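Below: one structure, written as structure tokens.
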Amino acid sequence: VYRSVIPQFPGTERIDWVKGDILDIISLEEAMQGVSQVYHCAAVVSFHPSQRKNLHHVNIEGTANVVNASLDAGISKMVFMSSVAALGRIREDVMIDETMNWTPETSNSEYGKSKYMAEMEVWRGIGEGLNAVIVNPVIILGAGDWNSGSTAIFKSAYDEFPWYTEGMSGFVDVQDVVKAMIALMESNITAQRFVISGANLPYRSVFTMIAQAFGKKPPHKKVTAWMAAIVWRLEAIKSSFTGKSPLLTKETAKTARAKVRFNNEKLLKAVSGFQYTAMEQSIMRICEELKLKYRLP
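Mapped onto this note's numbering, the consecutive letters of the sequence shown carry residue numbers 2 to 298.
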């Protein structure tokens, strides 16, 4: 289902696209006709306070609509893409896993709250008879639009952005996320959630690998806590005048400094033979794909 523009990436010609909107119940009901499997990946991803209402509207209400339409259509199974943000990812003293949930103390974003509440809609559907599985991916790396989302870090590395933070997080290849979701869809597993994480790495290590894959200079200047505090405040002021989203918010500044790790063992034990792609290999492939996409030297 697409809302306004059919996505353009390799393989889209093999997909039967149906125009719709997860906030339009009638369009969802029409799209579900004759469908047996549903992958619900649509969401708003934003860490800007001004997007709070939109986050809740799309991520929570939209998911409720997808769940209800799936129940009404009698689909065989749904895989819902949530996020590790729904687990409460500001936990530097523990390995984060599927048993954890969002709380005001373990999350600093409305996005995390919205994904947690969206999961509650899926669990509500499961209670009403829906066969569903939830996945919680970490930072997904792929050759998407490098002007937005997680792919923007590739553009920053290509442009030789000199700054880095001392934070750490989980990273995963988009192809591994797809493989995991398909494997879970085809399995007998139901009513469970799975962290999807290829590796826990410092941000500086990932940025350095990307820069080296592009043949660029890696980041070499550390962003301190006081520097980040100044930048997000300046960005907030600039945003109020320009109307554009800030490059850094209070939430993303804190996340970038946090050292968090994710436990990926549950999926590896549940799906026989599943393996994550080495991060160096993933980054090399993605950089080559971006070179072709943007005609880079």
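Glycine included, every Cβ here is placed at the ideal spot set by N, Cα and C.
None of the values given here were measured: they were computed from a predicted structure.
Assess contact between the segment 256 to 264 and the segment 160 to 173, defined as three or more Cβ pairs (one per stretch) separated by less than 8 Å. Is contact present? yes
If you follow the alpha helix (DSSP H) that M182 is in, where does it begin and where does it stop? Here the alpha helix (DSSP H) through M182 covers 175 to 187.
Select from R296, K270, K294, K251 the residue whose C-alpha is nearest the C-alpha of E111. Restricting attention to R296, K270, K294, K251, the CA atom closest to the CA of E111 is found in K251.
Which of the three DSSP states, helix, strand or coil, is assigned to K218? Coil at K218, not helix or strand.
Span separating the alpha-carbon of F162 from that of S28: 43 Å
Excluding sequence positions up to five away, which residues of its chain have a Cβ less than 6 Å from the Cβ of N132? K78, T191
Could you please give me the residues that DSSP links to Q38 through a beta bridge? According to DSSP, which records beta bridges pairwise, Q38 is partnered with K78.
Nonlocal neighbours in the same chain, by C-beta distance under 8 Å from G130, ignoring five residues either side: L72
At the level of alpha carbons, what is the spacing between M121 and C42? 16 Å
From the DSSP output, read off the bridge partner residues of Y3. DSSP, once it has assigned bridges, lists K20 as partnering Y3.
Work out the CA separation of W227 and G145 for me, nearest whole Å. 32 Å
Would you please verify whether the beta carbon of S198 is less than 9 Å from any beta carbon of chain D? Structure shown: chain D not included; a single protein chain is present.
Find out if the Cβ-Cβ distance for the pair M285, A214 is shorter than 9 Å. M285 places its beta carbon less than 9 Å from that of A214.
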